[in-house]
Every structure is written in structure tokens, then in C-alpha cells.
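Participant: This is the structure, below, for whatever I ask next.
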Amino acid sequence: MRSSNPVFSRRGFSRDNGYAGFNAQQQAGGPAAGTNPYATNPYATDPYAQPGVQAGMPQQAPARSGVMTIDDVVSRTAITLGTVFVTAALAWFLLPVDPANLNKSYGIGIGAALVAFVLAMVQAFKRKASPALILGYAAFEGVFLGVISSAVTTYVAAGAVPQAVLGTMSVFAGVLIAYKKRWIRVNRRFYGFVMAAAIGFVLLMAVNALFAVFGGGDGLGFRSGGLGIVFGIIGIVLGACFLALDFKQVEDGVAYGAPREESWLAAFGLTMTLVWIYLEFLRLVSIFSGDD
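Below you can see the structure in the form of C-alpha cells.
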């Protein structure tokens, strides 16, 4: 699978352009944590199998060191999100959005967003994870978030940022619980539906942005008023779906013995998805505040 987040810019744990979990497990649920899926499914394809090890043969001892663990994913995700937070805080305090400096701060914020996008694209097409690229993306993304969050707080809704953060954390916790309880069935059908919906959503938002740039105002009106609320909710739901795909990817990567450096890709994807959800919540709070 080439991507599992809304901006389609992360390489998945893959071999031969196939998603490890979906190639090995056509049905929902995938391998149970702490088990070897190939010991019970002789037709499973392990994308990280060692040469000379027959699929379906149970391993008597850990076959190799340097494989990804949940702790690796948690630590790298904490580092990546911490970088976003630190640079966002610095941008908030060092790039004021008062009338005298608004255009300058906006310009720096938009420039940082473009750099973050380029770094994300470069990482997306690399065969291996690059911590430097991933942390660079996080740093520039944080600058953008700091500027935009400060502007929303100053000019639109004073409590928007805490509400958006709380909403993002709630979605993350809710999806994690639902995934662990297997209330969400992450299979090929789920993946195909989410990707199709996300492509349509992004294309529609791109058209709306073009109309806004060349026609002025709110473009087609998909990001303001009643339609803005509807599409904001859709965006959050899509972000939640991509979180489920991220969790599936992490679970399969650990179960299949993905290389430890792949944990950086998991951190990258989780960070991008959480940023997506945060921005959608920030927009929703802004719309509701503007209607008051």
C-alpha cells in the first residue's frame, strides 16, 4: 500500500506494491498481537520473511534482531509529534499575527507548509524511511500550525485551539479503542472505500480552493457555512478512518517483523493523520464561532 493517510504521501510497509496486512489476511482483524500469522495460514505472504525460511513454519526463537516493536512506534511518534509541538509553540510566540505583522507571519506560515509538503512527497517516494526528512516535515508543519492556530485564536475564536486539540485526542482514543475491540473491520473493502472517498474529498477541496483563489470569496462554499460544517465532519470521519488504517499498518508491521526503521514511517503517517484531524477540527470551531 502506498499510502494510508489523507494526503496520500506515505509509503506503507510493502513489497511488490502490496499491502502486507491485506496480502496476508483478506479478512478483517489480521494477525492477533503476539502471534505468528504464518503458523496458522500457510498461504500468507510474509513481506519480511528471511531467505530460506518456509512460509507457514513456526519459528522456535526470534529469527532476527532489529525488528519493529510497539515501543519503537510510540517513541518515534512521540519525537515527531514533539517536534511539531515545539516548532508550533515557537511560531506562535515568534511570528505575531497582529495587524502590523500579519502578512509577514502568514507568508512564513504558508512557505513552511509548502516546504513540509515537499519533504513529505520526497519521503513518500523514498524506498526507506529518512528520520531527517520526517523530522524536517514535522518542524515545518509545526511552524504552519503555530501561525494558523494563532491567527484563529486572535481573530476568530479564542478557545479554538484547546477545543481542536481535545477533539483530535478524543478521535484518536476512540478509534484506538474501536480498533482494539475489533469494532472496526480493516480489510480490503474498507481500504478501497476510504481511499476512494479521500481522493474524491481532496479533489473537491482542491477545486474549491481554485475557485476561491481566482474567483474570490469562499469558492464553491464547501469550507464555510452549512456546507463547511458538513465537509468538516466528513474530513474528520475520513481522518478517523485513516487512523484505523495506520493502526492496522503498525499491527501488521510488528507481527510480520518489519525492520525497526519502518517505525519512523508509522510515526510519519500517524503524525500526518493527526495534523489532518486537528486542522479539520480547527476549521469546524472557526465556522461555529463565526455563526454566533
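Residue numbers are given in numbering that gives the first Met the number 0: position 107 of the sequence shown equals residue 106, and the series is strictly consecutive.
The beta carbon of each residue, even a glycine, is placed where N, CA and C say it ideally should be.
Quick check on residue 149: buried or exposed, where buried means 16 or more other Cβ atoms within 10 Å of its Cβ?
Facilitator: Its Cβ being crowded by 16 or more others within 10 Å, residue 149 is buried.
Participant: In this structure, what does DSSP give as the bridge partners for residue 258?
Facilitator: 66
Participant: Can you grab the Cα-Cα spacing for the pair residue 113 / residue 175, in whole Å?
Facilitator: 30 Å
Participant: How about residue 139 and residue 115: are their beta carbons less than 7 Å apart?
Facilitator: yes
Participant: By the DSSP assignment, the alpha helix (DSSP H) with residue 155 in it spans what residues?
Facilitator: Neither: residue 155 is in no alpha helix (DSSP H) and is coded neither H nor E.
Participant: Could you give the C-beta distance for residue 67 and residue 252, rounded to a whole number, given that I count them as a contact under 8 Å?
Facilitator: 5 Å
Participant: If residue 162 and residue 280 are in contact, beta carbons under 8 Å, what's the gap, nearest whole angstrom?
Facilitator: 7 Å
Participant: Among 238, 186, 127, which one has its Cα closest to the Cα of residue 172?
Facilitator: 238
Participant: Considering Cα atoms alone, identify which of 94, 285, 282 is closest to residue 146.
Facilitator: 94
Participant: In whole angstroms, give me the CA-to-CA distance for residue 26 and residue 73.
Facilitator: Bear in mind that a pLDDT of 37 at residue 26, under 50, signals an unreliable position, so the number given afterwards is only what the model happens to contain. Computed Cα separation, rounded: 27 Å.
Participant: Look up residue 97 in the DSSP assignment and say whether it is helix, strand or coil.
Facilitator: Residue 97 carries a coil assignment under DSSP once its states are collapsed to helix, strand and coil.
Participant: If distances are taken between C-alpha atoms only, which option among 223, 192, 273 comes closest to residue 76?
Facilitator: 273
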